[in-house]
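Single-structure report; data block below.
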Amino acid sequence: MTNTLRHLPRPEPRLDDDGIIERLMRAGITAGVILEPSQVDLRAQQDSKDAETVLTARPAPAPGHLPRSAPGDGLRLVPLAAFHWGGAARGRFGGQGPDIAPRVRGDHILIRVTDGTLAIRFPGQQHPLTADRIALIPAGTAFSMQPPADVQGCALLIPPHLVKQLQIPFPTGFRSGLPDPADQALIEPALLALGHGSPRNPTEVSATACHLGLLSVALSRLAEGSQAQRMLNQRVTEAQPLTERFLALAGANIARNQTIAELARDLGCTQTHLDRACQQSRGKRALDLLYRLRLDRAASLLRDTNMTAGQIARDLGFSGLGHFVRSFAAATGRTPEDFRAIHRNPPQD
Numbered sequence: 001m002t003n004t005l006r007h008l009p010r011p012e013p014r015l016d017d018d019g020i021i022e023r024l025m026r027a028g029i030t031a032g033v034i035l036e037p038s039q040v041d042l043r044a045q046q047d048s049k050d051a052e053t054v055l056t057a058r059p060a061p062a063p064g065h066l067p068r069s070a071p072g073d074g075l076r077l078v079p080l081a082a083f084h085w086g087g088a089a090r091g092r093f094g095g096q097g098p099d100i101a102p103r104v105r106g107d108h109i110l111i112r113v114t115d116g117t118l119a120i121r122f123p124g125q126q127h128p129l130t131a132d133r134i135a136l137i138p139a140g141t142a143f144s145m146q147p148p149a150d151v152q153g154c155a156l157l158i159p160p161h162l163v164k165q166l167q168i169p170f171p172t173g174f175r176s177g178l179p180d181p182a183d184q185a186l187i188e189p190a191l192l193a194l195g196h197g198s199p200r201n202p203t204e205v206s207a208t209a210c211h212l213g214l215l216s217v218a219l220s221r222l223a224e225g226s227q228a229q230r231m232l233n234q235r236v237t238e239a240q241p242l243t244e245r246f247l248a249l250a251g252a253n254i255a256r257n258q259t260i261a262e263l264a265r266d267l268g269c270t271q272t273h274l275d276r277a278c279q280q281s282r283g284k285r286a287l288d289l290l291y292r293l294r295l296d297r298a299a300s301l302l303r304d305t306n307m308t309a310g311q312i313a314r315d316l317g318f319s320g321l322g323h324f325v326r327s328f329a330a331a332t333g334r335t336p337e338d339f340r341a342i343h344r345n346p347p348q349d
């Protein structure tokens, strides 16, 4: 079979290859941006678990160049112009909106702009980040961004578990501003060191904690700039606790099928206030978050219990079986029965 493949004629290049390459270059997608597959065969490492670990120092990256993180690594440093985030925005009548919609990420995002201006969009608000400033977008914050091709800087993607034990904790809300002069010289070396990826041994764990600690200190001493920027930071920070309380209360009372107005009253706020907090922190209305919570709970019940679809629909507050089936299929692409069958009897390799 192998010999046969070797003698097959090489495919002729397609006539539109030049056009594809030109479009990739205009979009800023180059070989330096695309992460290559790992050259390490992980299967070979299983036979050498008892081998002696050899620690080697990594060469320092050239000035102005970002180290390439391992593919799929949780801790990553990427060029700012290559980091786009958000979902498809829909217009009032279902058409495509002009901007991408804010979406939630599960990791912290630390952004550093060295040249140009970046617009970070939150639900209903926009925050400009200019040269020489840094910003932290905590995990769980809804945002979107489309950096222009000429903006310079980087974005560090940080798994939340790496910052849990820091002596100076990361901010819980959005922060941005100009670093203190004493911190400016330390930020770039810390980012470049963290750009090598998640720690893989005790020595690297200590080094990672040290570099993240330096960044945490710098974030705690930011000069936040204008009054408008401070007000934006405060609104996003204040919205998150109310949203988390709402989700916890709704999850604990999901079988009672409470309305948003009833949940807001139990939280001591108005429905308008609750909706605004959910929009600012998660980019969705309270009702949308409640539906998402019900669907997540339904998926767990389908996987882990023998409850019928009708019982699940009734217990989770859906108006009926048909409503549950339509909502679940729209969210997952499968009916409840198909979803359960796949997770109970996974396909064999």
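Numbering (the UniProt record's numbering), first residue to last: 1 to 349. Cβ coordinates follow ideal geometry from the N, Cα and C atoms, glycine included.
Looking from the CA of A190, the closest CA among R112, D338, F83 belongs to R112.
In this structure, L178 keeps its C-beta atom at 8 Å or more from the C-beta atom of A250. By the Cβ criterion, the segment 272–286 is in contact with the segment 129–145, since at least three pairs of Cβ atoms, one from each stretch, lie closer than 8 Å. Annotated three-state conformation of S319 is coil, per DSSP. Contact annotation: I254 and R294 have beta-carbon atoms nearer than 8 Å.
Per the C-alpha coordinates, the member of F246, S198, Q311, E188 positioned closest to L287 is F246. Nearest C-alpha to S300 among G106, A185, F328, H84: F328. Under a 10 Å Cβ-count criterion, V163 is classified as buried, with 16 or more other Cβ atoms of the shown protein chains found around its own Cβ. Burial state of R133 is buried, judged by a 10 Å Cβ sphere holding 16 or more other Cβ atoms. With a minimum length of 3 residues, the unbroken runs of beta strand (DSSP E) contained wholly in the segment 132–197 fall at 134–137, 142–145, 152–158, 175–177. Assignment of I100 by DSSP, reduced to helix, strand and coil, places it in the coil class.
In this structure, P148 and P171 do not form a Cβ contact; the two beta carbons are roughly 27 Å apart against a cut-off of 8 Å. Taking every protein chain shown into account, the CB of G195 has 16 or more other CB atoms within 10 angstroms, so this residue is buried.
Beta-bridge analysis with DSSP links R121 to Q126, S144. Residue burial is scored here from C-beta neighbours: Q167 has fewer than 16 other C-beta atoms within 10 angstroms and is therefore classed as exposed. In the three-state scheme derived from DSSP, where H, G and I count as helix and E and B as strand, T114 is classed as strand. Taking C-beta atoms as the reference points, F174 and L136 count as a pair closer than 8 Å.
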